[in-house]
């Protein structure tokens with residue numbers, strides 16, 4: 001850059017500053033898109049947790065109905081001098097999903113903010129920092145405005161990345177809770193399946209007498 005005039009150097013500085021600003025805005029836009037996807041995932045996880053609980057509650061209802069049927073089959077066996085008791089390897093535990101209230105509140109809050117379009121930063125408009133130098137003219141003033149925009153965009157980017165980190169931790173914890181809950185559902189459904197097969201076999205024997 002030797003031999004360049006002061007004005008040319010200032011113009012070059014403005015150009016490079018603007019290029020950096022554009023790159024910063026692109027990074028911010030990408031981070032906001034990732035946050036939007038993460039928000040949708042959090043809402044889906046929240047609903048999935050409800051579905052797991054409802055499924056397990058249905059298993060409990062099946063247990064109650066099956067217990068009544070097993071009792072009836074046992075009574076019928078007495079009439080035919082055939083004693084019978086259902087084989088129960090374990091009790092039905094019912095819903096075991098420990099849902100964190102904070103995750104539910106956050107998922108609901110993010111869903112509401114997304115519906116209102118409040119999840120994106122408003123970095124493209126003038127803020128108090130850029131407005132403070134907007135009345136000035138010349139390359140130096142333009143550079144100050146550009147630097148102010150960079151600072152604001154970088155601040156927004158830092159905030160979004162911090163939110164993404166927190167969301168990732170929350171979702172990881174929720175996935176862990178749901179994985180444990182699904183294990184309990186699987187155990188209960190397996191036990192119910194075994195008892196249903198036993199009850200059906202008992203019914204067939206009674207009918208075949």
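Residue numbers (the UniProt record's numbering): 1 to 209.
Note that CB positions come from ideal geometry on N, CA and C, so glycine has one too.
Computed from a prediction, not measured in an experiment: that's the story for all the values here.
| Item | Value |
| --- | --- |
| Burial state of residue 125 (16 or more Cβ within 10 Å) | For residue 125, the predicted model reports a pLDDT of 47, less than 50, meaning its position is unreliable and no value from the coordinates is stated. |
| Assumed close pair residue 211, residue 160 - CB separation to whole angstroms, cut-off 8 Å | Shown here, the chain extends from 1 to 209; a query on residue 211 therefore has no answer. |
| Cβ separation of residue 66 and residue 192, assumed to be a contact under 8 Å, to the nearest whole Å | 7 Å |
| Nearest neighbour of residue 9, chosen from 143, 170, 197 [CA to CA] | 143 |
| Residue burial classification, residue 44 (beta-carbon count within 10 angstroms, cutoff 16) | exposed |
| Cβ-based burial, residue 51 [other Cβ within 10 Å; buried from 16] | exposed |
| Buried or exposed (CB count within 10 angstroms, at least 16 for buried), residue 30 | exposed |
| Check whether residue 59 and residue 194 have beta carbons under 8 Å apart | no |
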